[in-house]
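Protein chains: 2
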Amino acid sequence: MDQSFFPERQHDHEACIHAGMAHAEAACESRNERFTANRRSVLELLLAVHRPLGVYELMKQFDWKGRRPAPAQIYRALEFLESIGLVHRIESCNAYLACSRPGRHHCTIFLVCEQCKTVAEVEAKRMQDAIADLADQTGFELHSQVLEARGLCPDCASATAPDGSDH
Amino acid sequence: MDQSFFPERQHDHEACIHAGMAHAEAACESRNERFTANRRSVLELLLAVHRPLGVYELMKQFDWKGRRPAPAQIYRALEFLESIGLVHRIESCNAYLACSRPGRHHCTIFLVCEQCKTVAEVEAKRMQDAIADLADQTGFELHSQVLEARGLCPDCASATAPDGSDH
DNA sequence: AACCGTAGTATTATAGTATAACATACTGGT
DNA sequence: ACCAGTATGTTATACTATAATACTACGGTT
Ligand SMILES: [Zn+2]
Ligand SMILES: [Zn+2]
Ligand SMILES: [Zn+2]
Ligand SMILES: [Zn+2]
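Chains as they are written, first to last, in this note's numbering: chain A, 1 to 167; chain B, 1001 to 1167.
In structure tokens form, the structure reads like this:
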């Protein structure tokens, strides 16, 4: 029950960043790909915030140690990170999210909080099956899917609730 | 089996456009909303092509009887048409599609052909249920969902097939 | 160590998508 | 005729994404 949902309010975030970077390191290693400074910086930024960031947010938000990267550089890093499953693009936000469970899943749905922008990345086997069946029935050759739910995360929902049970 | 999938190669497209406009007319009437020239033109264009169009395609593609509408006008018309369920935004295309079954469904998935851009709009009750369950389990307050599959429509798939069964 | 091909980076320019702000015009009711 | 509300026309600007090209770093070969 702890594996699939929103990040806990106070999890060990340092450890969580560190694990993400370590996994990335290993993933690149095993594919003979280079985990360069650009790629590293982008992934670090995404891991740090636990929510989707647009490319221009990534560019501005930060010091980058003096450098001032152009969009193309960020896009390239993201393209690479996405290609090896370390980052996902959230279409309904035009933004990118560090994968919260790299290597484990193949089909997930993103639950996007419209208020605080937190995203839960949840395995969606049932939906995957439903889509596969649909594809079979229609003769559609499935390449990929975009599954995003929009609404309010538990925290924001209870904060907004008409009859608040939170005080 | 004919109700849910890709538009038939040669359906009566005039009738299909006409029905779409008639439904729109009625929908506006029943809500006391105005079906103005702008809104009418945008919907007509979308109905005519049976695939998603970007805003700037909508702007350029056409004569508009002398007028040369600015983006804002198109966006306003689309916003209205979407609000009453006559048009859907396809996030993975940054484009808009006339609803193929206005008034009938509440939760659909779009099967987007990456080659010819045709889109099938298919009821997705199973997926809707899966998402609702997920929301329950996670405490997520669901507002809307983005469900898009990307791949090849039957025609394009068979045209590309390695061992073509089509000649 | 010098050489070379590949992959990644840096930089500039440009294309494509979306919204803000504000003035004007149309519509329906008084 | 007047008013309030809604939709349009117009200009400007913000945001998102890619193309094109020159340069640099890395790893393997000689
Ligand atoms: Zn964390
Ligand atoms: Zn939230
Ligand atoms: Zn048709
Ligand atoms: Zn197709």
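The beta-carbon is built from N, C-alpha and C at its ideal position, and this holds for glycine as well.
To the nearest angstrom, report how far apart residue i and residue j are at their CA atoms.
i               : j               : result
residue 69(A)   : residue 1012(B) : 53 Å
residue 1005(B) : residue 67(A)   : 51 Å
residue 1152(B) : residue 144(A)  : 10 Å
residue 1104(B) : residue 1125(B) : 12 Å
residue 1017(B) : residue 1127(B) : 29 Å
residue 120(A)  : residue 1046(B) : 34 Å
residue 57(A)   : residue 1052(B) : 29 Å
residue 27(A)   : residue 84(A)   : 8 Å
residue 106(A)  : residue 25(A)   : 20 Å
residue 1086(B) : residue 90(A)   : 25 Å
residue 1044(B) : residue 41(A)   : 47 Å
residue 1061(B) : residue 61(A)   : 39 Å
residue 76(A)   : residue 160(A)  : 39 Å
residue 175(A)  : residue 1088(B) : Within the shown structure, residues of chain A are numbered from 1 to 167, placing residue 175(A) beyond reach of any answer.
residue 1102(B) : residue 1123(B) : 12 Å
residue 1036(B) : residue 59(A)   : 42 Å
residue 22(A)   : residue 14(A)   : 12 Å
Can you tell me whether residue i is buried or exposed, with buried defined as 16 or more other CB within 10 angstroms of its CB?
i               : result
residue 165(A)  : Unreliable placement is indicated for residue 165(A), whose pLDDT of 49 sits below 50; the coordinate value is still reported in the next sentence. Exposed, by the Cβ-count rule.
residue 1001(B) : Summary for residue 1001(B): the model assigns pLDDT 49, below 50, so the residue's position carries little reliability; its value from the coordinates is reported in the next sentence. So residue 1001(B) ends up on the exposed side.
residue 19(A)   : exposed
residue 71(A)   : exposed
residue 1167(B) : In this prediction, residue 1167(B) scores a pLDDT of 43, lower than 50, which makes its location untrustworthy; no coordinate-derived value is stated.
residue 1149(B) : buried
residue 1034(B) : exposed
residue 1141(B) : buried
residue 73(A)   : buried
residue 118(A)  : buried
residue 39(A)   : buried
residue 108(A)  : buried
residue 30(A)   : exposed
residue 1098(B) : buried
Taking C-beta pairs closer than 9 Å, name the residues in chain A that residue i reaches, listed in chain order.
i               : result
residue 1053(B) : Near residue 1053(B) there are no residues of chain A at all, since even the closest Cβ is about 18 Å away, more than 9 Å.
Going along chain B, which residues have a C-beta under 7 Å from residue i?
i              : result
residue 127(A) : 1127 and 1130
residue 5(A)   : 1138
Is there at least one non-hydrogen atom of ligand 4 closer than 8 Å to the beta-carbon of residue i?
i               : result
residue 1093(B) : no
residue 138(A)  : no
residue 1010(B) : no
residue 45(A)   : no
residue 1152(B) : yes
Report whether the distance from the Cβ of residue i to the nearest heavy atom of ligand 2 is below 8 Å.
i               : result
residue 1061(B) : no
residue 1134(B) : no
residue 97(A)   : no
residue 28(A)   : no
residue 117(A)  : yes
residue 1113(B) : no
Is residue i near ligand 3, with its Cβ less than 8 Å from a heavy atom?
i               : result
residue 1071(B) : no
residue 156(A)  : no
residue 1007(B) : yes
residue 1050(B) : yes
residue 90(A)   : no
residue 1016(B) : yes
List, in chain order, every chain A residue whose beta-carbon is nearer than 7 Å to that of residue i.
i               : result
residue 1100(B) : Here the premise fails: no neighbours, minimum Cβ distance about 14 Å.
residue 1153(B) : 140
residue 1092(B) : 91 and 146
Which chain B residues sit within Cβ distance under 8 Å of residue i?
i              : result
residue 8(A)   : Within chain B, no residue comes near residue 8(A); the closest Cβ sits about 13 Å away, beyond 8 Å.
residue 135(A) : 1111, 1149 and 1151
residue 157(A) : 1139, 1140 and 1141
residue 114(A) : 1143
Which residues in chain B sit within 9 Å of residue i, going by Cβ to Cβ distance?
i              : result
residue 71(A)  : The contacting residues do not exist; residue 71(A) stays about 17 Å from chain B at best.
residue 150(A) : 1142, 1143, 1144, 1145 and 1146
residue 77(A)  : Here the premise fails: no neighbours, minimum Cβ distance about 21 Å.
CB of residue i to nearest heavy atom of ligand 1: below 8 Å?
i             : result
residue 13(A) : yes
Starting from the beta carbon of residue i, find every residue of chain A whose beta carbon is closer than 8 Å, and list them in chain order.
i               : result
residue 1122(B) : 134 and 138
Inter-stretch contact (C-beta, 8 Å, three-pair minimum) for the segment 95–114 of chain A and the segment 141–161 of chain A:
yes
Could you check whether the segment 1071–1081 of chain B touches the segment 1137–1149 of chain B, counting it as contact only if at least three pairs of C-beta atoms, one from each stretch, sit closer than 8 Å?
no
When the Cβ atoms of the segment 83–96 of chain A are set against those of the segment 123–134 of chain A, are three or more pairs found closer than 8 Å?
no
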